[in-house]
Amino acid sequence: MALRIFKLFHKNLPVTSLIPARLDRLPWTRFHWTVVVGLGVAWVLDGLGAQVVASAGFQQYLHMSPKEVGLSATIYLAGQVIGALFFGRLSDKLGRRKLFIITLGIYLVGSTLAGVSFFLWQLFIAQFISGLGIGGEHTAINSAIDELIPSKYRGRASIAINGTYWGGAALGASANLFLLNPNVFSDNIGWRISFFLGPVLGLMIVYLRRHIPESPRWMVGHGYKDEAEKIVNNIESEIQSQGYTLSKVPKNKALEIFSQKDSSVIELIKLLFKRYPRQTFVSFSMMVTQSILYNSIFFSYALVLQNFYHTDPSSTQYYFFPFAIGNLVGPLVLGKYFDTVGRRKMIFITYSISGTILIVSAILFYKNILSAAMQTTLWSASFFFASAAASSAYLTVSEIFPLNIRSQAISYFFSIAQLTGAIAPSIFGLLINSGIENLKDDHIALVLLASGEIDRGPLVIGYLFAAGIMILGGLIALAFGYDAEQKSLEEII
Numbered sequence: 001m002a003l004r005i006f007k008l009f010h011k012n013l014p015v016t017s018l019i020p021a022r023l024d025r026l027p028w029t030r031f032h033w034t035v036v037v038g039l040g041v042a043w044v045l046d047g048l049g050a051q052v053v054a055s056a057g058f059q060q061y062l063h064m065s066p067k068e069v070g071l072s073a074t075i076y077l078a079g080q081v082i083g084a085l086f087f088g089r090l091s092d093k094l095g096r097r098k099l100f101i102i103t104l105g106i107y108l109v110g111s112t113l114a115g116v117s118f119f120l121w122q123l124f125i126a127q128f129i130s131g132l133g134i135g136g137e138h139t140a141i142n143s144a145i146d147e148l149i150p151s152k153y154r155g156r157a158s159i160a161i162n163g164t165y166w167g168g169a170a171l172g173a174s175a176n177l178f179l180l181n182p183n184v185f186s187d188n189i190g191w192r193i194s195f196f197l198g199p200v201l202g203l204m205i206v207y208l209r210r211h212i213p214e215s216p217r218w219m220v221g222h223g224y225k226d227e228a229e230k231i232v233n234n235i236e237s238e239i240q241s242q243g244y245t246l247s248k249v250p251k252n253k254a255l256e257i258f259s260q261k262d263s264s265v266i267e268l269i270k271l272l273f274k275r276y277p278r279q280t281f282v283s284f285s286m287m288v289t290q291s292i293l294y295n296s297i298f299f300s301y302a303l304v305l306q307n308f309y310h311t312d313p314s315s316t317q318y319y320f321f322p323f324a325i326g327n328l329v330g331p332l333v334l335g336k337y338f339d340t341v342g343r344r345k346m347i348f349i350t351y352s353i354s355g356t357i358l359i360v361s362a363i364l365f366y367k368n369i370l371s372a373a374m375q376t377t378l379w380s381a382s383f384f385f386a387s388a389a390a391s392s393a394y395l396t397v398s399e400i401f402p403l404n405i406r407s408q409a410i411s412y413f414f415s416i417a418q419l420t421g422a423i424a425p426s427i428f429g430l431l432i433n434s435g436i437e438n439l440k441d442d443h444i445a446l447v448l449l450a451s452g453e454i455d456r457g458p459l460v461i462g463y464l465f466a467a468g469i470m471i472l473g474g475l476i477a478l479a480f481g482y483d484a485e486q487k488s489l490e491e492i493i
């Protein structure tokens, strides 16, 4: 009985360890590239999967209405939210490595099932399974990356990795130009191959993930201190075998890692609002504001181009590539400044500039002096900064919550952002619809007005609102955020 009481008491005591300092003082090596590539592919798969769904190449073969096509995307989104919440909790309880192996497997199964679907219900189930895997990937992998990458490089690595979503989206869009071309593949073949692209890429990355260890930080916090020491020793030995000299970590660099009992959902929510109110406020503000700006533009740009600039629906897809390029390049170029200039300053800069560019484009749009190409260029410029800003939101959530609830915190705010993003396109569709006079067909996405005046005012108000919200998110981060640059995770809060 006394032994049980001692173990229970001892479990809640902080563990003093040099492991965080040893990991943070490491140079950038092949090991870290393995982590970045092996885990970062999750965002590529997400972007690829989203683009395959958006292309709706399966619509004709499965005899789907536009409403059913939209429902398939909603089911994929719902799977992501549920997967994030479910696997986020398991990641904190069972470990990062187990979950990023399991969630990748779930995605591979779901995407493969989608490619062999012959009935609508089969596709819906497959989409949900794929979403479960991707949602779980987001929570487990964000945690693992931040816990394994040295503090000097953590910001740029995390932001760049999150930005690779758009590399996957561009890959999917490029592949679909070929795979969905009826002159190359029949209607029943091309879209199936599109779904198989993700599993092929995923299978190629399984080997790398097998060689990525469990987070030593997680292991120390869950009572596996000896095992964590072995992992760090192996990492250091591998790095030294490559010719690097590692300095000895002084004992005064030891940090305390706290481990707490698993909390119920109700207890966790109370913890977020009562013990970590500042972190919760900053995380909510950053995630929601970037989601509103992103989805207000991205999911309505095709409607804007077709109804206000009279682009042909078949050519609208080509306007996607500037979006993808701006979103991909932004985090790669700006990421390093989050580690040098600083988190709060760069978050404020990227949020504010992206919102300001949207304000400028909204004014020019209202004055009707832009072409479709000019409008897309301004959107892409806004996304250049917004992509880095959105990535910094995920980084911030991962950094400012403690080890024992890190993945769950990511899952909660990821889900909130996804749900907010699901509302924004509907609102902007209504704004576009309200500006069209004498329109008899309610399916605005399928109508290209050949004549008639469209009031740009409602849509401009929506853009100004999204831009203002984004700038507000930057101001909140500047005032209440954390100077997490080049600090150990254990030192931030």
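With our numbering, letter number 59 in the sequence shown gets 59, and the count goes up by one each step, no holes.
C-beta atoms are modelled at their ideal positions from N, C-alpha and C, and glycine is treated no differently.
Given the structure is predicted, the values throughout are model-derived calculations rather than measurements.
What do you reckon, are the CB atoms on G167 and G335 nearer than 9 Å?
no
Is T420 near N295, with beta carbons less than 9 Å apart?
yes
Nearest-angstrom Cα distance between V360 and N404?
43 Å
Same chain, Cβ closer than 6 Å to M219, neighbours up to 5 away in sequence not counted
E227 and A228
Determine the burial state of D146: buried for a count of at least 16 other Cβ atoms within 10 Å of its Cβ, exposed for fewer.
buried
Local conformation of E485 per DSSP, three classes:
coil
Tell me which residues share the same chain as K338 and place their Cβ nearer than 7 Å to its Cβ, disregarding the 5 neighbours each side in the sequence.
Position check: residue 338 holds Phe in this sequence, whereas Lys was assumed. Here the set comprises G155, R156, I159, M346, S392 and E485.
Using DSSP with H/G/I as helix, E/B as strand and the rest coil, what is T16?
strand
Suppose you measure from the CA of L449 to the CA of N188; what does that come to, to the nearest Å?
Residue placement at L449 is poorly supported in this model, since its pLDDT is 41, which falls under 50; the coordinates still yield a value, given next. About 32 Å.
Spatial neighbours of P208 within its chain, please: CB distance less than 7 Å, with the 5 preceding and 5 following residues excluded, ordered by chain position.
A quick correction: the sequence has Leu, not Pro, at residue 208. So the qualifying residues of the chain are T34, V37 and G38.
Excluding the five sequence neighbours on either side, which residues of its own chain have a C-beta within less than 7 Å of the C-beta of I235, listed in chain order?
F31
Classification of G481 by the beta-carbon crowding that lies within 10 angstroms, buried from 16 upward:
buried
What are the boundary residues of the beta strand (DSSP E) that includes I257?
L255 to I257
Could you check which residue in I75, P216 and A140 has the C-alpha nearest to that of S91?
A140
Which residues mark the beginning and the end of the alpha helix (DSSP H) in which G230 is found?
The sequence given here has Lys at residue 230, not Gly. Here the alpha helix (DSSP H) through K230 covers K225 to S241.
Touch check for the region 401-415 and the region 369-381: three-plus C-beta pairs under 8 Å?
no
Are the CB atoms of S17 and E256 within a distance shorter than 9 Å?
yes
Please give the ranges of any alpha helix (DSSP H) in the region 331-362, keeping only runs that are unbroken, at least 4 residues long and fully inside the region.
337-340
Range covered by the alpha helix (DSSP H) that runs through Y276
Neither: Y276 is in no alpha helix (DSSP H) and is coded neither H nor E.
State the DSSP-derived secondary structure class of V329, mapped to helix, strand or coil.
helix
Contact between the region 374-386 and the region 238-251 (3+ Cβ pairs under 8 Å):
no
Look up L370 in the DSSP assignment and say whether it is helix, strand or coil.
coil
Three-state secondary structure (DSSP) of N404:
helix
Indicate whether V211 and G95 have their beta-carbon atoms separated by less than 9 Å.
Before going further, note that residue 211 is His rather than Val in the sequence given. Contact flag unset, no.
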